[in-house]
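J.:
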Amino acid sequence: MRSAKSWIAMIFVMASGVAPAMAADWGGVKDMGGGVPIPVPAPAPVPTYDADSDWYVGLALGGNLLTDATIKDSDPNMPVKDGSDIAMSPTFGLMFGRYITPSLRWEIAVDYTPNTNLIDGEMKYRTFGEPGTAIETQEYGVFRNETVKLSRTTALFNLLYDIPTGTRFTPYLGGGFGFSWRRLQRNYTETASCSDTFDFPGISCNNGGTPGPVSRSGSSSKNQINLAAAVQAGIATELTDSIIWDNGWQMLWESGGISIDGDSISGDNRFTFKDSVLQQFRSGLRIKFD
Numbered sequence: 392m393r394s395a396k397s398w399i400a401m402i403f404v405m406a407s408g409v410a411p412a413m414a415a416d417w418g419g420v421k422d423m424g425g426g427v428p429i430p431v432p433a434p435a436p437v438p439t440y441d442a443d444s445d446w447y448v449g450l451a452l453g454g455n456l457l458t459d460a461t462i463k464d465s466d467p468n469m470p471v472k473d474g475s476d477i478a479m480s481p482t483f484g485l486m487f488g489r490y491i492t493p494s495l496r497w498e499i500a501v502d503y504t505p506n507t508n509l510i511d512g513e514m515k516y517r518t519f520g521e522p523g524t525a526i527e528t529q530e531y532g533v534f535r536n537e538t539v540k541l542s543r544t545t546a547l548f549n550l551l552y553d554i555p556t557g558t559r560f561t562p563y564l565g566g567g568f569g570f571s572w573r574r575l576q577r578n579y580t581e582t583a584s585c586s587d588t589f590d591f592p593g594i595s596c597n598n599g600g601t602p603g604p605v606s607r608s609g610s611s612s613k614n615q616i617n618l619a620a621a622v623q624a625g626i627a628t629e630l631t632d633s634i635i636w637d638n639g640w641q642m643l644w645e646s647g648g649i650s651i652d653g654d655s656i657s658g659d660n661r662f663t664f665k666d667s668v669l670q671q672f673r674s675g676l677r678i679k680f681d
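Take 392 as the starting number for the sequence shown in my numbering and just add one per residue.
1. With DSSP collapsed to three states, give me the class of Asp-637.
2. Taking DSSP's pairing of strands, which residues face Asn-614 in a bridge?
3. Which residues in the same chain have their Cβ closer than 6 Å to the Cβ of Gly-600, if we skip the five residues on either side of it in sequence?
4. Considering just the uninterrupted stretch of the beta strand (DSSP E) at Gly-482, what are its terminal residues?
5. How would you label Phe-560, buried or exposed, when you count the other beta carbons within 10 angstroms and need 16 or more for buried?
6. Any idea which residues DSSP pairs Ile-626 with across the strands?
7. Is it a yes or a no for the region 625-634 touching the region 568-586, going by three-plus beta-carbon pairs under 8 Å?
8. What does the Cβ neighbour count give for Asp-464, buried or exposed, with the cut at 16 atoms within 10 Å?
9. For a test of the three-state rule: what should DSSP assign to Ser-584, helix, strand or coil?
10. By the 10 Å Cβ neighbour count, where 16 or more other Cβ atoms means buried, how is Ser-494 classified, buried or exposed?
11. For the ligand ATP, I want to know if Ala-546 counts as a neighbour, meaning its beta carbon is within less than 8 Å of at least one of the ligand's heavy atoms.
12. Buried or exposed: which applies to Phe-662, given that a residue is buried once 16 or more other Cβ atoms fall within 10 Å of its Cβ?
13. Using a Cβ-Cβ cutoff of less than 6 Å, which residues in the same chain neighbour Val-471 once the five nearest sequence positions on both sides are dropped?
14. So, helix, strand or coil for Met-392, using DSSP?
15. I need the straight-line Cα distance from Leu-457 to Ala-478, nearest angstrom please.
16. Just checking my contact of Ala-460 with Gly-484 at CB under 8 Å: how many whole Å lie between their CB atoms?
17. Within its chain, find whatever has a CB closer than 6 Å to the CB of Ile-635; leave out the 5 residues flanking it on each side and keep chain order.
18. Given a cut-off of 9 Å, decide if Gly-565 and Gln-615 are closer than it, judged by their beta-carbon atoms.
19. With C-beta atoms as the reference, is Thr-492 less than 9 Å away from Lys-540?
20. For Ala-621 versus Ser-646, is the C-beta spacing smaller than 9 Å?
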């Protein structure tokens, strides 16, 4: 009996030493299915933009509704137009841009305006000989037909903000800067009726010894690039998920002036166009890449 008790005591001591070791090997009770696992929260989704759907291209048609500019010629008799006389002219535009955020986007916009008349008419004036000389009485009746036409290409980098409305109509505001490439084209024809046979500086009135009309004509052009800036506002209408109808207004400012010289029987003259601000309307379609 005493021997049995001794064996039981020995087994109990051995079991007491083995149990902790087994517990360490199995990781405790919770690893044996006794505990309830606690799920780890998934990270919040981070907004991303599909690289293929952020980009867009567009086409636009519009017009220069109003031009405010200083227009002058060194000959005060030249029938130049002022801002209120310049007729409305069309514009043709291309745009390419990308959304930075759902409301903020940048774009590059290129607009072209074809020839706009700044002088278009006939001028009549009289030129006399040099006072106190033998040709003091020499006189010319001069008729001059002239046109000066202006064309421009503007390229602007614009930053625009779309105002969320929760509807398919989205107003927007923006501004941009870039350059304006302007071109002046000048054409003229002049006819002078002579009253005597003396030579006048620059032309001859002889015509083979017989007084008569003297004519000259010519053309010239001038190209110039200046800085430009603009502000824009408009409203975009979502026609489909990828097609947007864009109607906008733009005020364009062009720095500097452009001048062109021209010959005249009365002497050289210079035409200048400067300090220009244009009010423009544009309507077109923007297509997003899907």
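Where is the CB? At the ideal position from N, CA and C, for every residue including glycine.
T.: This is what the structure gives:
1. strand
2. Arg-574
3. For Gly-600, the predicted model reports a pLDDT of 49, less than 50, meaning its position is unreliable; a value from the coordinates is still stated below. No residues qualify anywhere along the chain.
4. In the sequence as displayed, the identity of residue 482 is Thr instead of Gly. Run containing Thr-482: 480-490, per the beta strand (DSSP E) assignment.
5. exposed
6. Pro-562 and Asn-638
7. no
8. buried
9. strand
10. exposed
11. Summarising the ligand content, the structure contains no ligands, and the ligand ATP is consequently not present.
12. buried
13. Ile-462, Asp-464 and Ile-510
14. With a pLDDT of only 49 at Met-392, under 50, the local geometry of the prediction cannot be trusted, and no value is derived from it.
15. 8 Å
16. That belief does not hold up - the Cβ atoms of Ala-460 and Gly-484 are roughly 21 Å apart, past 8 Å.
17. Ala-627, Glu-629 and Arg-677
18. no
19. no
20. no
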